[in-house]
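Chains as they are written, first to last, in our numbering: chain A, 31 to 439; chain B, 31 to 439; chain C, 31 to 439; chain D, 31 to 439.
Number of protein chains: 4
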Amino acid sequence: MGPSIANMTDHAALPQAVDPLDFLATDSLLSETEVMLRDTVRQFVRNRILPEVGEWFDQGIFPKEMAKEFGSLGLLGMHLEGYGCAGTSATAYGLACTELEAGDSGARSFVSVQGSLAMFPIHAFGSEDQKQQWLPGMAAGELIGCFGLTEPDSGSDPSSMRTNARKDASGDWILNGAKMWITNGSIADVAVVWATTDPEGPDKGAVRGFLVPTDVAGFSAPLIHRKVSLRASVTSELILQDVRLPADAVLPEVSGMRGPFSCLNEARFGISFGSVGAARACYEAALDYSLNRVQFNQPIAGFQLTQKKLVDMMVKVQHAMLLAIHLGRMKDAGTLATPQISFGKMDNVRTALEVAREARSILGANGITTEYPVIRHMNNLESVYTYEGTNEIHTLILGNAITGIAAFS
Amino acid sequence: MGPSIANMTDHAALPQAVDPLDFLATDSLLSETEVMLRDTVRQFVRNRILPEVGEWFDQGIFPKEMAKEFGSLGLLGMHLEGYGCAGTSATAYGLACTELEAGDSGARSFVSVQGSLAMFPIHAFGSEDQKQQWLPGMAAGELIGCFGLTEPDSGSDPSSMRTNARKDASGDWILNGAKMWITNGSIADVAVVWATTDPEGPDKGAVRGFLVPTDVAGFSAPLIHRKVSLRASVTSELILQDVRLPADAVLPEVSGMRGPFSCLNEARFGISFGSVGAARACYEAALDYSLNRVQFNQPIAGFQLTQKKLVDMMVKVQHAMLLAIHLGRMKDAGTLATPQISFGKMDNVRTALEVAREARSILGANGITTEYPVIRHMNNLESVYTYEGTNEIHTLILGNAITGIAAFS
Amino acid sequence: MGPSIANMTDHAALPQAVDPLDFLATDSLLSETEVMLRDTVRQFVRNRILPEVGEWFDQGIFPKEMAKEFGSLGLLGMHLEGYGCAGTSATAYGLACTELEAGDSGARSFVSVQGSLAMFPIHAFGSEDQKQQWLPGMAAGELIGCFGLTEPDSGSDPSSMRTNARKDASGDWILNGAKMWITNGSIADVAVVWATTDPEGPDKGAVRGFLVPTDVAGFSAPLIHRKVSLRASVTSELILQDVRLPADAVLPEVSGMRGPFSCLNEARFGISFGSVGAARACYEAALDYSLNRVQFNQPIAGFQLTQKKLVDMMVKVQHAMLLAIHLGRMKDAGTLATPQISFGKMDNVRTALEVAREARSILGANGITTEYPVIRHMNNLESVYTYEGTNEIHTLILGNAITGIAAFS
Amino acid sequence: MGPSIANMTDHAALPQAVDPLDFLATDSLLSETEVMLRDTVRQFVRNRILPEVGEWFDQGIFPKEMAKEFGSLGLLGMHLEGYGCAGTSATAYGLACTELEAGDSGARSFVSVQGSLAMFPIHAFGSEDQKQQWLPGMAAGELIGCFGLTEPDSGSDPSSMRTNARKDASGDWILNGAKMWITNGSIADVAVVWATTDPEGPDKGAVRGFLVPTDVAGFSAPLIHRKVSLRASVTSELILQDVRLPADAVLPEVSGMRGPFSCLNEARFGISFGSVGAARACYEAALDYSLNRVQFNQPIAGFQLTQKKLVDMMVKVQHAMLLAIHLGRMKDAGTLATPQISFGKMDNVRTALEVAREARSILGANGITTEYPVIRHMNNLESVYTYEGTNEIHTLILGNAITGIAAFS
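Now the structure itself:
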């Protein structure tokens, strides 16, 4: 640096220093309580997840015990009211997702599935009995839930699902079908399964949600193997062969695709925040590495090409955080609209994936192992990019919202 | 669109509608006063600039009369206190920049140069006499100022400037040198000229700022011709040949590069907001065009490829607006740091240029004329991308801030 | 550079030096004759176009006299056989396009329109009388042709054209309609106009081509003003109001959209080569500028950020040239398929636009005037990107070719 | 597709059909022999690698037996003359690399390391005895070689290596140091190790190459674990603790960094071709998947957004292939320069990585497992992107070649 540039930062009038890890001082947008809660989760991630998650990823496991630790911390169904749930703001829940996913997308996925996809529909659409039966144990992490919507041939177009529920003469429901890519499936105590009903029946073919205890006859949930992404997370098929459920196994308060889509909205909101965490972790790892890796007699952070990458990553992380907080505030104000959630899910995950890939390149050969967190995040984000609505589906949801023209098919 | 997707937006729980022109409802972040002020400027741009600016651009002119209209509206030195200035918040000033640049980057440049580059240093570093002499007339648009820092061979590295000021025996200053790419140069009444002093003199070679009345002997400001960008703006050289100024022509309260850099910070802040306006105007033009242009029997807004472009543009505009407002709030809180301003200038201008290019492509052949605003904005933004610190310089300022390593040279 | 890297290029075994302007030695793929021809055109561009084209662009003119100079050089209908045409290979014609567009896309457009869009259909689909009447004068540049396909509401979907031709009782054709964005329209002696015929008539509504002398009653060709792109080129509307033509004004040997599409193929082939020229000119201007522009005491070409831009541009230019030559060889071998031409048009123009934009940024403030060629090329390429099939249309043509699924609408 | 576009491809004059898997008919650039050889390797990959490589990747193994199969096929040291090597052209060797890497980058890496990094230096710089001792067995795959240049703290700047060789009184060499990221290290019979010599000794500190039998005392080669990339490949550390070698263990014919850099050139050439194979495999997998995956009642290949991705991938693969063949022809003509090899390595690997990522997104959830080849290739290419010169280093090599200014540090 020549002396001329030294002057460039010699202004009396303005503060010069910024926090490299919070460049735009987004912390100033949070309340003290939010910061405290965020820091608690961050500390938990540092103590309980980061030291082990590389191993979990390598071995392809997620320790079921973590559920209770999440529960103790109040992370499960965190923004729901009552039934043992913490009842925080949506923003606070989002910030917890950020910290969890700074650990691993698998950990955040666990919490999202438990809270937003399994507990939320019971809380929003369940009977009082259903709530009493399931929610307290789920909030404590003693019971695990999963969410069965996607099928092998029905992903972006979920209403093409084939899983069906028919009532037999006894009034029981009989479910048949298969669900795919189900987080927590093999360790779940209860599965929220969405199925189409008999077109001739009282529900006229509408999709309904069912609470399926996983020990019921005809239900199985084999693990999906050979994953390179979300390896520290349980992913399963759900197979339902003449699964018989009592009449009251259905979620009484919702009918139609509004049910699962409401859940997806909840989960997508959490992903908007969560993905920032993965991005931030990659940026921090790359910044740290580049300051310590010396080539040509200087830290590689001093090379313009590397510095530009670091800046690009930082800029993206900051944009993502600003966006997430904005969405959080709107959700808490009750003004957040569905397409705005799609904006957050689509854009923050895309951004996080870009950051992870850039970070990977900065780490050089060291970037290909799980000794460093980056390639793990990079692979995890491939799932996050795809699940809960692919980038394309959200693009078309946004396109629909701005043009008034649906272009899905 | 199949019926399945129709359902995708059939949630009872959440609002579904968004404003295509304010997708994330960023207006909700503004006060009523700010919205009112913003709308006033927007209306002014609609009435006085948009109907004519295409012609101005074609002919390569900027009508000097506009200065007084800007003055009447209170736009000149808008966020300064006293001396006939409006004394608004920084955020309000930023929002005005957004609206002006939604008209044309030339109009915003006029206001930036007058307020942030010419009036600001007089206000911040001038003597009471200097303030009284110049500021009220400049606030009213009756006097025009310009800012002479850049030189033909000294752009990104301004402290390599050759323009110099020496004191002669009489105590007068004698200025020699040339400045380049000076907005408003040929129509200015006063030029704020930065020059190096005699290394052997009392200022020990430090850069000082001088108020140069443009009718002084030895001063000339020829127009720069053949521009394709900022054609509705006056761009000039400043030539100083033995320009003699009285001893009190110097700005007394600043010495060194801190002077011009403080001004640049002010202007860059305004650009962070302004560029959002250019981007928004391009997005709106493209959205409007795509909804009305029919090919293959449907509005092109209905094609996935076009819809993705529209979404990308909208996303970028919204990010840019969120960022600008965040920076505005920090500036008003007195917490905004120099590198954060660089973030805003760098990123929002880059983004605006991307949006303009994308919009250009949507307009097809119609996009190549000034009948539509897009190609005008696209070309204007090339100047905005370059001036007040190139993308590279700001990248390295940010890089320095996060790594602690200066990599400018 | 440290001594270690010095060694990095100290190999005995391999040549080390490359030509920065032909990095991959693509010249080695050309025959001596081709190089000679190419150099002749290059010299002509240097002598006759480059010294003046900035002025032409500024003033928005293309001197009609250039037509004869192109004719003398053999550039008009260059790859056609007989009738005064040069009869070169397609590759040779392509190389000439590269050199012309290194001058200005307007010059190349003139030659493309004259040779590929006006002379080609007469040559391919005309009667012997038509050929004799028009081709020799057109080859010499004494007569100018234009091509009327696009209409105000019919661009990407040309078969939706409204211009129509009906036979009246006398056997004459009566043409009505309007064409838009017609290069050379206002200076043409003859317009090749495509029109739909009477659905009830002998042509059953098929599109036919007509040779319309521009001095015929009812024909006018007003200039299109306010262009920012292709300003050194004549662009016009064609207005046909009850234009009466003799029965033999129709091109006898073609019926249907095959006619205009054959012409487009010819022109698109030329654009594949031409756009490389514009890209190369921008790269060379940026390389030259960056080697001479000193900031922070060194040529900016020595900064990593600038060097990366230069490398990216060079890489793109070389890829584009390799591709163009490959397409040329296939065309000469008679194996070039329509989708391969779309590949060349789409990809090389996109690439050229990217190179031009990158080059613009390297030139800093100097890059915004026509004193340097870059911003002129950048704006020209916006037209080239759009005309002869937009990027989107070609994407979908390629998509159709690889998937077997047409997704145009 | 409307009928209008149907016409768009109804030209009599030109062929319409293209091969989706060889869009530009690059096969026409190959000789019959080359195609035959290429097809042989392709068949081998289909039969012996593709059925098992997903498993190898999952388990993190590369079966040593493959070495002999490669040898039988003539792939080891394929373009070297004599000593049991096949002596093919460089282009033929390149095409074999393409096919191998269409299987897995690990397989190609094995062949590159054996042939270009271990056999090549023995062939080029070894004594007749050394050649006789090692090359025939290595060509047959009975002996495995590895290449020790990179060290934990010495990657992009290899001449900063710390591994050293000193002569003791007996005339023996004593080697000490550690090498990192060494493909085949743990299964090698011989390691080509580069080490700095005594600055005071006869070699004056120059780097020399040593043939180290891996069963020598003081040598060990522990596996590197926890890789997510190149899992079907052996990657190791080499540890040399007072390894004693006879005086004739040194490669006699080369001194200085020219030795290892010559080898890198050979390997980088192979990577230029190899990476095209990985890209092609990903494109083909995505094309196939998109034609078979039905959502919204149609194959996703019919959606514009997916079709654009497919087109982008295809375009990149074709460019990469054109480039590789061009480089191959130059290498066979003896005209290929070092910076041109850097062009090929840098650009084709970058491109392949982009293609792999795009393909991953098309496969949706199915894209995250090794049931499909894409995520395996995507992760492998992260190593290929980094090794044999990172993208940054090659960018700066090219930048140096076009500007004459080294900007490595």
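For each residue, glycine too, the CB sits at the ideal point set by N, CA and C.
Proximity test, Cβ basis, 9 angstroms: residue i and chain B
i	result
Gln334(D)	yes
Ile392(A)	no
Pro166(A)	no
Val48(A)	yes
Local conformation of residue i per DSSP, three classes
i	result
Cys312(A)	helix
Leu59(B)	helix
Asp52(D)	strand
Lys209(A)	strand
Asp5(B)	Only positions 31 to 439 of chain B appear in this structure, which leaves residue 5(B) out of reach.
Thr420(B)	coil
Pro403(A)	coil
Pro232(C)	coil
Ala412(B)	The amino acid occupying residue 412(B) in the given sequence is Glu; Ala does not appear at that position. In this structure, Glu412(B) counts as helix in the three-state DSSP scheme.
Ile398(A)	helix
Pro282(A)	coil
Ser142(C)	helix
One or two residues paired with residue i in a DSSP bridge
i	result
Thr425(C)	BP columns for Thr425(C) are empty, so no partner.
Leu253(D)	Ser266(D)
Residue i, enclosing alpha helix (DSSP H) - first and last residue
i	result
Ala122(B)	Ala120 to Gly133
Thr5(B)	The requested residue 5(B) is not part of the displayed model; chain B covers only 31 to 439.
Leu357(D)	Gln334 to Ala363
Glu158(B)	Glu158 to Ala169
Ser102(B)	Met96 to Leu103
Phe150(D)	Phe150 to Phe155
Terminal residues of the beta strand (DSSP E) in which residue i lies
i	result
Phe240(D)	Val237 to Pro243
Val222(D)	Val220 to Thr227
Val264(D)	Counting along the chain, Val264(D) falls outside any beta strand (DSSP E), and DSSP gives it neither H nor E.
Ile392(A)	That residue, Ile392(A), is in no beta strand (DSSP E); its alpha helix (DSSP H) goes Thr368 to Ile392.
Gly178(D)	Gly175 to Gly178
Asn77(B)	It is not in any beta strand (DSSP E) - Asn77(B) carries neither H nor E in the DSSP assignment.
Arg196(A)	Asn194 to Lys197
Distance, residue j Cα to residue i Cα
i	j	result
Pro81(D)	Leu147(C)	53 angstroms
Asp362(D)	Pro182(D)	35 angstroms
Gly32(A)	Thr227(B)	Since pLDDT at Gly32(A) reaches only 32, below the 50 mark, its modelled position is unreliable, and the value read off the structure follows with that caveat. Whole-angstrom Cα-Cα distance: 19 angstroms.
Arg259(B)	Met408(C)	A small correction: the amino acid at residue 259(B) is Ser; Arg does not occupy that position in the sequence shown. Distance between the alpha carbons of Ser259(B) and Met408(C) is about 12 angstroms.
Residue-chain proximity (residue i, chain A), Cβ-Cβ < 9 angstroms
i	result
Ile435(D)	no
Lys98(C)	no
CB contact check: residue i to chain D, cutoff 9 angstroms
i	result
Thr39(B)	In this prediction, Thr39(B) has a pLDDT of 38, which is less than 50 and means its spatial position is unreliable; nothing more can be read from the coordinates.
Leu428(C)	yes
Gln163(C)	no
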